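Trainee: Per my numbering: the sequence shown ends with 484, consecutive numbering throughout.
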Amino acid sequence: MREIIVNAITRQKRAAVMEDGHLAEVLFETADVEKINGNIYKGRVTSIVKGLNAAFVDIGIGKQGYLSGKEIAGDDNGTSINKLIKEGQDIIVQVKREAVGDKGPQLTGKIELPGRYIIYLPYDNYVAVSRKLPDAKREKWREELEPLLQSPEGVIVRTEATLGHMPEVLDELTVLREEFADLVNQSKSSSHPALLLNANDVLKRIVLEQHLTTVSRIVVDCVEAKKTMQKYIKQFGFTTPVDQKQARENIFSTFGVQAELDKALQPKVWLKNGGNLIIEQLETLTFIDVNTAKFGGRQDLEETVYKTNLIAAKEIAKQIRLRNIGGMILIDFINMQKSEQQKQVLDALQAEFAHDRQRTVLHGFTKLGMLEMTRKKTNQSLLEVVSSPCESCQGTGVQKSAQAAAYELERAIYELPTSDIDAVWILMDEHTFHWFTGPEKQYVKRLENQLHIRIFITTVQEFGYTIKRTGSLEEIEAAIEREH
């Protein structure tokens, strides 16, 4: 049984995919982090550089976006950019690649709107089909879809199209056409710059990325999330029920998600037979070490090693998915003497990854006996979402990031008995203060208005935060005055 638990009441929105009562995957959406890949904006052309055949576009994020002439919608002939757009012109663009260092994001005017079965291309006049499908099916999809498209639109048919029928695909095409028309209308009525579509919307990602036909229910923690979730479910033709559970306790704590999430941040994972995994995420690769359980003697050693490796294979696949680890991965299984045992462990790992949405490739065992594999990296890993390099250990370790500390504090404040208190006094370092309060303290002001309390903050040197005291406004003000 699969359920999805959504924590959407705070700034950092989180969704937990539960399979048979255990955490299998976590999705994050953070509105105030510069994670904008796939976002669609109404921007304004600020300058054109003829020598580069490119333009710089203001999309409202501080750094100017870079738009190559070949990325302008409707041009496939290499036309000079100054004949396609001009300075001061408003334009709809999509972020193709995040900003890196001092360079702004790379933009494209060739918009892509993803659905469950297809990706809609309003300005690209072609039909492409996933290479994972057999040639005969790919040709069949082209033949059926090409007559139904209206120039200059196009589509990319996803592998998931095999799960549906042509009427469902056509219904989705209609939905995506309407979504793009809404974006165009929104652009006409918006001042520039404006965010037209947030590609990181966790509620929409649930519908597009999870197979909702296998989900028994979705549970959310606020009425706004329930309405939005129901809208997306109806829009894409599902019937999954959405329940709302409002309580003082955070919904992740109520359903046991938080405890499993905390475990997933630890490097050691215990196996059911007493063995363990050590997972070490480095900058260039991830290393997983398998350690054996105790054994009774020499005759038991070979069988213990083999069974531990089989158990480890299943747990490794689960942990890689849960922690969203991508890139190169090296697995140091316990040494096996028989090649047949190596093959069976490899087959077991392959079978577990068959359920993974991300593309994984098992390259086999190296001469040193380690298994080498790669997994497509699409988003930050769980560790990257909640941590940052540890300054005191010269980057050799990690600590909770200031952003993660701020979001954790916000969730903790929501759990306070706010009907019984008027104010809260918090100690925190300057980095956490920056992320918790926001520009011109707009985040903390919104929190005060929502919960009808006053929040007093004292900055300290020690990293993190401490809720020092709660009580009436007079009690908190008196306590602060005594200590200052």
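Yeah, the Cβ is synthetic: ideal placement off N, Cα and C, and Gly gets one too.
All figures in this text were calculated on a predicted structure; none of them were measured in a lab.
Can you tell me whether residue 67 is buried or exposed? The criterion is at least 16 other CB atoms within 10 Å of its CB, across all chains shown.
Mentor: Taking the sequence shown and counting its residues from 1, the one referred to as residue 67 is at position 67. Burial call: buried.
Trainee: Taking only the alpha-carbon atoms, compute the straight-line gap between residue 124 and residue 274 and give it to the nearest angstrom.
Mentor: Sequence index remark: in the sequence shown, residue 124 carries index 124 (1-based). Sequence index remark: in the sequence shown, residue 274 carries index 274 (1-based). Answer to the nearest angstrom: the Cα atoms are 56 Å apart.
Trainee: For my contact list, residue 45 and residue 86 are in at a C-beta cut-off of 8 Å; report their separation, rounded to the angstrom.
Mentor: Along the sequence shown, read from residue 1 onward, the residue named residue 45 stands at position 45. Along the sequence shown, read from residue 1 onward, the residue named residue 86 stands at position 86. Right, the Cβ-Cβ distance comes to about 7 Å (below 8 Å), so this counts as a contact.
Trainee: Tell me the residue span of the beta strand (DSSP E) that contains residue 420.
Mentor: Your numbering for residue 420 matches position 420 in the sequence shown. Premise fails: residue 420 is in no beta strand (DSSP E) and is neither H nor E.
Trainee: CB-CB under 7 Å to residue 386, same chain, minus the five flanking residues each way: which ones, in chain order?
Mentor: Stepping through the sequence shown from its first residue, residue 386 is reached at position 386. Counting only Cβ-Cβ distances below 7 Å, and skipping sequence neighbours, we find 265, 400, 401, 404.
Trainee: Report all residues from its chain with a CB closer than 6 Å to the CB of residue 435; omit the five preceding and five following residues, and keep chain order.
Mentor: As a first step, residue 435 is located in the sequence shown; it is residue number 435 there, counting from the start. So the list reads 402, 403, 406, once near-sequence residues are dropped.
Trainee: Would you call the segment 195-206 and the segment 335-343 touching, i.e. three or more CB-CB distances under 8 Å?
Mentor: With the cut-off at 8 Å, the segment 195-206 and the segment 335-343 do not touch.
Trainee: For residue 415, collect the residues of the same chain with a Cβ closer than 7 Å to its Cβ; drop the 5 residues on either side in sequence, then sort them by chain order.
Mentor: Numbered from 1 along the sequence shown, position 415 holds the residue referred to as residue 415. If we look at residue 415 and ignore the five residues flanking it on each side, its Cβ neighbours are 248, 249, 250.
Trainee: Please report how far the alpha carbon of residue 10 lies from the alpha carbon of residue 336, in whole angstroms.
Mentor: Sequence index remark: in the sequence shown, residue 10 carries index 10 (1-based). Sequence index remark: in the sequence shown, residue 336 carries index 336 (1-based). When rounded, the distance between both Cα atoms is 49 Å.
Trainee: Just to confirm before moving on: does the CB-CB distance between residue 325 and residue 279 stay below 9 Å?
Mentor: Numbered from 1 along the sequence shown, position 325 holds the residue referred to as residue 325. Numbered from 1 along the sequence shown, position 279 holds the residue referred to as residue 279. Going by C-beta atoms, residue 325 is nearer than 9 Å to residue 279.
Trainee: For residue 114, which of helix, strand or coil comes out of DSSP?
Mentor: Here residue 114 refers to the residue found at position 114 when the sequence shown is read from its first residue. Three-state DSSP puts residue 114 in a strand.
Trainee: What residues match up with residue 268 in a beta bridge as DSSP calls it?
Mentor: Sequence index remark: in the sequence shown, residue 268 carries index 268 (1-based). DSSP output for residue 268 lists 278 as bridge partner(s).
Trainee: If I measure Cβ to Cβ from residue 42 and keep anything under 7 Å in the same chain, skipping five residues before and after, which residues do I get?
Mentor: As a working mapping, residue 42 is identified with position 42 in the sequence shown. 90, 92, 187, 190, 192, 193, 194, 196, listed in sequence order.
Trainee: Helix, strand or coil for residue 292 per DSSP?
Mentor: Taking the sequence shown and counting its residues from 1, one reaches residue 292 at position 292. It is coil, neither helix nor strand.
Trainee: By Cβ distance, which residues of its chain are closer than 7 Å to residue 285, with the 5 residues on each side in sequence left out?
Mentor: Position 285 of the sequence shown, counted from the first residue, corresponds to residue 285. Excluding sequence neighbours, residue 285 sits near 327, 328, 329, 330.
Trainee: Assess contact between the segment 466-479 and the segment 419-432, defined as three or more Cβ pairs (one per stretch) separated by less than 8 Å. Is contact present?
Mentor: Touching, yes, given that three or more Cβ pairs across the two stretches are closer than 8 Å.
Trainee: Short of 7 Å in beta carbon distance, which residues of its chain neighbour residue 411, apart from the five on each side in sequence? Order them along the chain.
Mentor: For the purposes of this step, residue 411 is identified with residue 411 of the sequence shown, where counting begins at 1. 10, 250.
Trainee: Three or more beta-carbon pairs under 8 Å between the segment 158-166 and the segment 101-118, yes or no?
Mentor: Yes, they touch.
Trainee: Taking DSSP as the reference, what is the three-state secondary structure of residue 7?
Mentor: Walking along the sequence shown from the start, residue 7 turns up at place 7. Residue state, collapsed to three classes: strand.
Trainee: For residue 376, count the other beta carbons within 10 Å of its own beta carbon; 16 or more makes it buried, fewer makes it exposed. Which is it?
Mentor: For this step, residue 376 is matched to residue 376 along the sequence shown. Label assigned to residue 376: exposed.
Trainee: Quick check on DSSP: helix, strand or coil for residue 199?
Mentor: The sequence position of residue 199 within the sequence shown is 199, counting from 1. It is coil, neither helix nor strand.
Trainee: Would you report the Cα separation of residue 360 and residue 179, rounded to the nearest angstrom?
Mentor: Mapped onto the sequence shown, residue 360 falls at position 360. Mapped onto the sequence shown, residue 179 falls at position 179. Rounded to whole angstroms, residue 360 to residue 179 spans 32 Å at the Cα level.
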